[in-house]
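Take a look at the structure below.
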Amino acid sequence: MMQGHTSLLLVVLPLIFAPITAVLPRGRLTWLATMAVTSICAVLAGMQLMMVIDGGVISYELGGWAPPWGIEYRIDSLNAFMALIVAIIAAVTLPYALLSVEKEIPERQVPLFYSAFLLCFTGLLGITQTGDIFNLFVFLEISSLSSYALISLGRRRQALTSAYQYLIMGTIGATFFLIGVGLIYSETGTLNMMDLAARLPGVADLRTTQTGFAFIMIGFALKLALFPLHLWLPNAYAYAPSVITVFLAATATKVALYVMLRVLYTIFPEGVVAATPTGDLFILSGMFGIISASVYAVYQANVKRLLAYSSVAQIGYMALGIGLGSATSVMASIVHLFNHALMKGALFMAVGALIYRIGSSRVENIRGLGRQMPWTFGAIIIGGLSLIGVPGTAGFISKWYLVLAALEQQIWLVVAVILAGSLIAVVYVGKVIEALYYKPPVEDNISVKEAPMLLLLPTWALVLANVYFGLDTGLSVGMAEHAVETLGIIAK
Amino acid sequence: MSAEQLMMFTLVLPLLGGVGVLLTGRSPNLREAVTLLTAGVTAILVLMIAGRFLAGETFIYSLGEPVAGIAIAFRIEASGMIFALVAGLLWIVTSIYAIGYMRGHNEKNQTRFYTAFAIAISCALGIAFSANLFTLFLFYELLTLSTYPLVAHSGTAEAKRGGRVYLGLLLGTSIGLLLLAILITWLAAGTVEFQDGGVLAGKFDPAWAGLLYALFLFGIGKAALMPFHRWLPAAMVAPTPVSALLHAVAVVKAGVFTLFKVTSQIFGSAYILSNDVTGVLVWAAALTILLASLVAMTKDNLKARLAYSTVSQLSYIAMGAMLASKTALIGASMHIAMHAFSKITLFFAAGAIFVATHKKLVSELDGLGRAMPITFGAFFIGTLSIIGLPPFGGLWSKWYLASGAVETGQMLLLGVLMISTLLNIVYLLPIPIRAFFAKPAEGVHYGEVREAPKTILLAMLITSSACIALFFYPDSLYRLATMAAGGF
Numbered sequence: 152m153m154q155g156h157t158s159l160l161l162v163v164l165p166l167i168f169a170p171i172t173a174v175l176p177r178g179r180l181t182w183l184a185t186m187a188v189t190s191i192c193a194v195l196a197g198m199q200l201m202m203v204i205d206g207g208v209i210s211y212e213l214g215g216w217a218p219p220w221g222i223e224y225r226i227d228s229l230n231a232f233m234a235l236i237v238a239i240i241a242a243v244t245l246p247y248a249l250l251s252v253e254k255e256i257p258e259r260q261v262p263l264f265y266s267a268f269l270l271c272f273t274g275l276l277g278i279t280q281t282g283d284i285f286n287l288f289v290f291l292e293i294s295s296l297s298s299y300a301l302i303s304l305g306r307r308r309q310a311l312t313s314a315y316q317y318l319i320m321g322t323i324g325a326t327f328f329l330i331g332v333g334l335i336y337s338e339t340g341t342l343n344m345m346d347l348a349a350r351l352p353g354v355a356d357l358r359t360t361q362t363g364f365a366f367i368m369i370g371f372a373l374k375l376a377l378f379p380l381h382l383w384l385p386n387a388y389a390y391a392p393s394v395i396t397v398f399l400a401a402t403a404t405k406v407a408l409y410v411m412l413r414v415l416y417t418i419f420p421e422g423v424v425a426a427t428p429t430g431d432l433f434i435l436s437g438m439f440g441i442i443s444a445s446v447y448a449v450y451q452a453n454v455k456r457l458l459a460y461s462s463v464a465q466i467g468y469m470a471l472g473i474g475l476g477s478a479t480s481v482m483a484s485i486v487h488l489f490n491h492a493l494m495k496g497a498l499f500m501a502v503g504a505l506i507y508r509i510g511s512s513r514v515e516n517i518r519g520l521g522r523q524m525p526w527t528f529g530a531i532i533i534g535g536l537s538l539i540g541v542p543g544t545a546g547f548i549s550k551w552y553l554v555l556a557a558l559e560q561q562i563w564l565v566v567a568v569i570l571a572g573s574l575i576a577v578v579y580v581g582k583v584i585e586a587l588y589y590k591p592p593v594e595d596n597i598s599v600k601e602a603p604m605l606l607l608l609p610t611w612a613l614v615l616a617n618v619y620f621g622l623d624t625g626l627s628v629g630m631a632e633h634a635v636e637t638l639g640i641i642a643k
Numbered sequence: 087m088s089a090e091q092l093m094m095f096t097l098v099l100p101l102l103g104g105v106g107v108l109l110t111g112r113s114p115n116l117r118e119a120v121t122l123l124t125a126g127v128t129a130i131l132v133l134m135i136a137g138r139f140l141a142g143e144t145f146i147y148s149l150g151e152p153v154a155g156i157a158i159a160f161r162i163e164a165s166g167m168i169f170a171l172v173a174g175l176l177w178i179v180t181s182i183y184a185i186g187y188m189r190g191h192n193e194k195n196q197t198r199f200y201t202a203f204a205i206a207i208s209c210a211l212g213i214a215f216s217a218n219l220f221t222l223f224l225f226y227e228l229l230t231l232s233t234y235p236l237v238a239h240s241g242t243a244e245a246k247r248g249g250r251v252y253l254g255l256l257l258g259t260s261i262g263l264l265l266l267a268i269l270i271t272w273l274a275a276g277t278v279e280f281q282d283g284g285v286l287a288g289k290f291d292p293a294w295a296g297l298l299y300a301l302f303l304f305g306i307g308k309a310a311l312m313p314f315h316r317w318l319p320a321a322m323v324a325p326t327p328v329s330a331l332l333h334a335v336a337v338v339k340a341g342v343f344t345l346f347k348v349t350s351q352i353f354g355s356a357y358i359l360s361n362d363v364t365g366v367l368v369w370a371a372a373l374t375i376l377l378a379s380l381v382a383m384t385k386d387n388l389k390a391r392l393a394y395s396t397v398s399q400l401s402y403i404a405m406g407a408m409l410a411s412k413t414a415l416i417g418a419s420m421h422i423a424m425h426a427f428s429k430i431t432l433f434f435a436a437g438a439i440f441v442a443t444h445k446k447l448v449s450e451l452d453g454l455g456r457a458m459p460i461t462f463g464a465f466f467i468g469t470l471s472i473i474g475l476p477p478f479g480g481l482w483s484k485w486y487l488a489s490g491a492v493e494t495g496q497m498l499l500l501g502v503l504m505i506s507t508l509l510n511i512v513y514l515l516p517i518p519i520r521a522f523f524a525k526p527a528e529g530v531h532y533g534e535v536r537e538a539p540k541t542i543l544l545a546m547l548i549t550s551s552a553c554i555a556l557f558f559y560p561d562s563l564y565r566l567a568t569m570a571a572g573g574f
């Protein structure tokens, strides 16, 4: 029972503290409380992972109501890994948040900011924990609504329109998901994922089931920002406060991908998915996403936007992995999900450090800062190399497995697209580095100093993680292999 | 020290030196002392390794497995030993040279320069000692990245453009083609370990082997095969010590060395010969030899001319590797060393001329020889060694390459080698000869021109004597080359 309490605490703890932080007196106390909650959650997520790492499953019945009537939290190695990613990223982001938030958010809104942050954190963790598809929708809405609020807190007025844009798209996505869930419920009469998995084979041929499936996939493709449903993402990332960009880029889309995997491999039986063109659609959207978003990234004048487009491209890689549908490729997808959280986390943090100093992330304003902010610059270089996929960094590992998966099935076009994506990444990363180093600094920035330690330490923690997971993949690849086993994907 | 410790320490030492340079950056004298000390110790260590290697010791070390089944591992074998010797021994000479050059030329950002240089050497040694393609690829990419700041060193628009071409072509070919080739090898053979006799035999359909070899051949952009050679002339914007050690020795030799390894230890010469894998591809090398020589003739900029000469000479090694017979392989691996010593001498001389007179163009050098006899004397020796005349080391490698062509019945390729020798004479020999015997242009007087700083002269003397010494004492090199070619 103790096991289950860990899983429940992961969700309940931030949920309880969200309103508490809102009423705490202003000052650093709110930050401290949030910091404590995220750190405890990271430890809990770690403990939870240890419990299921040998293939076990934790099942916790909320309020003692047995599934399928009650809500069940069901943790296997895939959820546990996802929850750990979310919690760790939050715990690393929080030390960074202190100064960055003080700089970017008006003081009176700071407690509300942390409150919304904790709600978003609750929602994301909840999605990873729950074994009930309607409960998942609830957590999805919690995380989405709070992230609209968080994005709108950005310094520029565009933050409002981008939050609004995200709100519209996100709501459409959530509604689609809900419609899908409703259709499937009407056929199966259950909302518990395990129960669904047992009953769906019987109704797999019905038009209603298939329509439901399509609605669910499209709904989450919107949340995932899968090409061509990605249009909300660049603006949202570009205008959100730095901390939120870091957090959302490293977790939100990842959690959406997790749900996709769950729906595809746990809930729906193999036959249903195979009878639809899902795999081909994923491959198509992945390929177009990689190429077009990478090319867009090259032409961005704002580094945050540039990285946001790069995120869309990286989501394309993960989609390719799902689309190819073999054990290796899905493993590559999960590995990339983890590695991408590390690299984008590091990069957005480093860019946040630039913003902290000069208040802008436009390419023409950051000129020459590489010399004045060598540690921030170093972080951008290594993060960028990981994004390109240079050997010795985490990014290389994910590309290695992804190309390997494509080669196994001898789909040469996919191989070419993945490699081309890396090459375009050289161009856009090179653009940022060149601006930072070779251009003479803007006059106002001549006296700019290196970012404060509190921003640099979390950044470098993620940067070093990028190198570490490029050399020792025991955790990342090991966990992904476990997860693939759990999902029951057979080698193609 | 145990064999493993010695090898790993040698790998890490230049890196430590780089850190030392960073820390002592404020005091130039101390900084240069750190560079010289590190380079000196590295040279001694590499020699120690060579001695113990020839005595039959094995050097194997594994750092862990980032990808299941593939380790970051090091193992020294003969061709790697040759490459490590070349890079390790010439680093100290180049360091001596660089101090005179960088100070004589008042270059900026010297701390960054020496740091990046040391890291590059570490990467080159990593390539030399790699036990598998994966490890090699890791250091191959790191070498590209660590030399980028050296290419773009001066920060001028031209340097930035050069740097962009450099990075674009080297990263582009390696990610686009080489990585793909490595993955295909891994998928087909289940291993990317370097093994004598290769790993592909019996596992990879020979019908596709030519295509896979082409992926390697063009993917290894550092071997500068046409049409992917442009980065090398572009890299000439770098300060001369960089062009000398990195773009005549460490980086480019890393390229042909990789090709050599792929030929002898991934494909295996038996597999290549019995399936005629390289029958067509060898002409890519032959064409590069001739075309690059022709381009070199048209270049008036001395460093550009030397760069194209390097492109041409690199293809000698590529051609030797692709002929894949034992003699040809011996010639190829010997040429790695022979060309290194000759070409570095030429670059040293070019830099000495630049420091002393600020002249970059071949056409401006008439009559300068009398004012700078040591410089042009060294240039002359380097030229003769490149051409392959006795008593200079270049003779041996050309000899074996030519014998290899004869052995495999490729008389046309023998012809290519001979024509290229003639072209060498045409584009290189006039430079020292006109410097000594032609009259300076109207109104130019060299009365006040002095030789370059002493450290520069010393470095040139060392390398040009080495060109001669390698003619008389090629035994150890020959032994290593024979081992590298698969026989003892």
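Just so you know, the sequences run in chain order A and B.
One gets the numbering used here by counting positions in the first sequence from 1 and adding 151 to each.
One gets the numbering used here by counting positions in the second sequence from 1 and adding 86 to each.
Ideal Cβ placement from N, Cα and C applies to all residues, glycine included.
With DSSP run on the structure shown, which of helix, strand or coil describes residue i?
i: E559 of chain A; result: helix
i: L175 of chain A; result: coil
i: E279 of chain B; result: strand
i: N343 of chain A; result: strand
i: R198 of chain B; result: helix
i: R456 of chain B; result: helix
i: Y211 of chain A; result: strand
i: I156 of chain B; result: strand
i: I226 of chain A; result: strand
Would you kindly check if the distance between the Cβ of residue j and the Cβ of residue i is under 8 Å?
i: N343 of chain A; j: E223 of chain A; result: yes
i: K412 of chain B; j: S165 of chain B; result: no
i: L390 of chain A; j: S461 of chain A; result: What sits at residue 390 of chain A in the sequence shown is Tyr, not Leu. Cβ atoms of Y390 of chain A and S461 of chain A: not closer than 8 Å.
i: L556 of chain B; j: M424 of chain B; result: yes
i: Y200 of chain B; j: V107 of chain B; result: yes
i: Y409 of chain A; j: V486 of chain A; result: no
i: L409 of chain B; j: G468 of chain B; result: no
i: G437 of chain A; j: A470 of chain A; result: yes
Figure out for me which residue from the options has the closest Cα to the Cα of residue i.
i: C271 of chain A; options: A:I256, A:L164, A:I284 and A:L347; result: A:L164
i: A382 of chain B; options: B:Y513, B:A524, B:A204 and B:M87; result: B:Y513
i: S506 of chain B; options: B:S401, B:F523, B:A527 and B:F139; result: B:S401
i: M631 of chain A; options: A:L605, A:T479, A:P591 and A:E601; result: Per the sequence shown, residue 631 of chain A should be read as Ala rather than Met. A631 of chain A has its Cα closest to that of A:T479, out of A:L605, A:T479, A:P591 and A:E601.
i: F220 of chain B; options: B:A243, B:F169 and B:A154; result: B:A154
i: E151 of chain B; options: B:E279, B:A287, B:A340 and B:V335; result: B:E279
For the region 604-637 of chain A, which residues have a CB atom closer than 8 Å to at least one CB atom of chain B, in sequence order? G621, L622, D623, T624 and V628
The region 245-276 of chain B: positions lying closer than 8 Å to chain A by Cβ: K246, R250, L253, G254, L257, G258, I261, G262, L265, L266, L269, I270, W272 and L273
Which runs of the alpha helix (DSSP H) spanning at least 4 residues fall entirely within the region 275-330 of chain A, listed in chain order? 284-303
Compile a chain-ordered list of the residues in the region 203-215 of chain A whose CB is closer than 9 Å to at least one CB of chain B. none
Which ranges would you report for the alpha helix (DSSP H) in the region 442-521 of chain A if only whole runs of at least 4 residues count? 454-475 and 478-509
Could you name each continuous alpha helix (DSSP H) segment of 4 residues or more that falls completely within the region 387-452 of chain B, going from the start of the chain to the end? 388-409 and 412-443
When Cβ atoms are compared, which residues of the region 316-343 of chain B fall closer than 8 Å to chain A? none
Looking at chain B, which residues of the region 558-587 of chain A have a Cβ within less than 9 Å of any of its Cβ atoms? L558, E559, V566, A567, L570, A571, S573, L574, V577, V578, G581 and E585
Please identify, using Cβ separations under 8 Å, the residues of the region 153-164 of chain B that lie next to chain A, in order along the chain. V153, A154 and I158
Residues within the region 197-229 of chain B neighbouring chain A, beta-carbon criterion of under 7 Å: F223, L224, E227 and L228
4-residue-minimum alpha helix (DSSP H) runs that sit fully inside the region 215-285 of chain B, ordered along the chain: 219-237, 243-259 and 265-275
Pick out the complete alpha helix (DSSP H) segments inside the region 161-213 of chain B, 4 residues or longer, and give them in chain order. 164-190
Using a Cβ-Cβ cutoff of 8 Å, what residues of the region 536-549 of chain A are near chain B? List them in chain order. L536, I539, G540, V541, P542, G543 and I548
For the region 104-126 of chain B, enumerate the residues whose C-beta is nearer than 7 Å to any C-beta of chain A, in chain order. none
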